[in-house]
Amino acid sequence: MIFSLVLKSCNIILAIRLFAMMNNKQQDMVNLLQEIYDSEGDYFGIDHFSRFLNELKKYDFGEMLACQAKYPLRYVLDFILSTESLWIKMSDIEWLKVMSLLNPRPKPFSIEIFDAGYVDIHFLCKYMGVNAIEMFLQQEVFSNEDKKKLLQYSRKVAGFLFINELELENLDGSYFVHKDELEKARSTLISTGTIKLLNYTEDEFREYIERELKIVSMLEE
């Protein structure tokens, strides 16, 4: 009886210590990301973020994105494009985990276009050229409300989910990750069949979003 009580007490103490360690690690991550954000200015792109790469490797990529959802979208995209070693080998399952960590999403009409609450969707559609929206919609773990918010947001920012010439030029391996590396990662990502290429023009994409919105709205009735 006494041994059982002692063992139970030890387990409680261990759990408290583990919780404290997790909290400390989480706070260390928050502090690091804030330091990186505050120090941007003298350096940009890979030149800036590479200085912190060894520290960043200690933390979960999805958790870091969720933590940075309060920052501007362009900054968080720069973070991703400058730290390829953190995500370049990620599978579709790992990207779904990122989507889950960023959920629930902000209401699409209560945020600005350039807020980072949907940064994973921007990155996967715009830079990886895959249909992250379709993959999100196929997941039962996300509610109908989650899916509706994503579609409403995608309709709002449709033109920004396609890469332009200037953005493509920056994918040179010096300022940001090289476009060839993105193509290799894309091929790996679509190889399982869970996520497909985003084969739409901007007009076709808008039509696709409207069709999916109608389907989601019908499910609410």
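Residues in the sequence shown are numbered from -13 upward in steps of one, following the working numbering. Built from N, CA and C at the ideal position, the CB exists for glycine as well.
For residue i, count neighbouring C-beta atoms within 10 Å of its own C-beta (all shown protein chains included) and say buried if the count is 16 or more, exposed if not.
i: Arg91; result: buried
i: Phe109; result: buried
i: Ile22; result: buried
i: Phe100; result: exposed
i: Arg173; result: According to the sequence as given, residue 173 is Ser; it is not Arg. By the neighbour-count rule (16 or more Cβ atoms within 10 Å), Ser173 is not buried but exposed.
i: Leu82; result: buried
Can you give me the Cβ contacts of residue i inside the same chain, cut-off strictly under 6 Å, excluding the 5 residues immediately before and after it?
i: Cys111; result: Ala118, Leu147, Leu184
i: Gln125; result: none
i: Leu39; result: none
i: Arg192; result: Ala144
i: Met50; result: none
i: His34; result: Glu26
If you compare alpha carbons, which of the options is closest to residue i?
i: Ile107; options: Phe30, Glu155, Asp78, Met85; result: Met85
i: Leu87; options: Val127, Ile74, Phe65; result: Val127
i: Val16; options: Cys53, Glu98, Asp46, Phe47; result: Cys53
i: Gly159; options: Asn150, Ser96, Ser71; result: Ser71
i: Lys75; options: Leu205, Ile176, Glu151; result: Ile176
i: Lys170; options: Arg141, Leu123, Tyr113, Phe122; result: Tyr113
i: Leu26; options: Lys44, Thr187, Pro58, Asn10; result: What sits at residue 26 in the sequence shown is Glu, not Leu. Among Lys44, Thr187, Pro58, Asn10, the Cα nearest to that of Glu26 is on Pro58.
i: Leu42; options: Ile66, Ser140, Tyr61; result: Ile66
i: Gly48; options: Tyr186, Arg192, Glu80; result: Glu80
i: Lys44; options: Tyr29, Gln13, Leu152, Ile149; result: Gln13
i: Ile149; options: Asn10, Thr187, Arg37, Lys93; result: Thr187
Measure the beta-carbon distance from residue i to residue j and round it to whole angstroms, keeping in mind my assumption that it falls under 8 Å.
i: Val116; j: Leu63; result: Wrong, their Cβ atoms sit about 16 Å apart, outside the cutoff.
i: Asn130; j: Leu205; result: 6 Å
i: Leu137; j: Ile195; result: 6 Å
i: Leu154; j: Lys165; result: 7 Å
i: Thr178; j: Asp78; result: 6 Å
Take residue i and list the residues in its own chain whose beta-carbon comes closer than 8 Å to its own, dropping the five residues that flank it on each side.
i: Lys208; result: Here the chain has residues from -13 to 207 only, and residue 208 is not among them.
i: Lys56; result: Ala102
i: Arg197; result: none
i: Leu4; result: For Leu4, the predicted model reports a pLDDT of 39, less than 50, meaning its position is unreliable and no value from the coordinates is stated.
i: Leu157; result: Leu67, Tyr113, Val163, His164, Lys165, Leu168
i: Phe95; result: Gln138, Lys142
i: Leu19; result: Met50, Cys53, Gln54
CB-CB under 7 Å to residue i, same chain, minus the five flanking residues each way: which ones, in chain order?
i: Gly31; result: Asp64, Ser68, Tyr161, Phe162
i: Ile97; result: Gly103
i: Glu120; result: Lys182
The ligand COA heavy atoms versus the CB of residue i: any closer than 7 Å?
i: Glu206; result: Although the ligand COA was asked about, the structure shown includes no ligands whatsoever.
*asked:* Give the list of continuous alpha helix (DSSP H) stretches no shorter than 4 residues that lie fully inside the region 37 to 83.
replied: 39 to 42, 47 to 53, 59 to 67
*Which ranges does the alpha helix (DSSP H) cover as unbroken runs of at least 4 residues, wholly within the region 122 to 170, from first to last along the chain?*
Entirely contained in the region 122 to 170, the alpha helix (DSSP H) runs reaching 4 residues are, in chain order, 130 to 142, 151 to 155.
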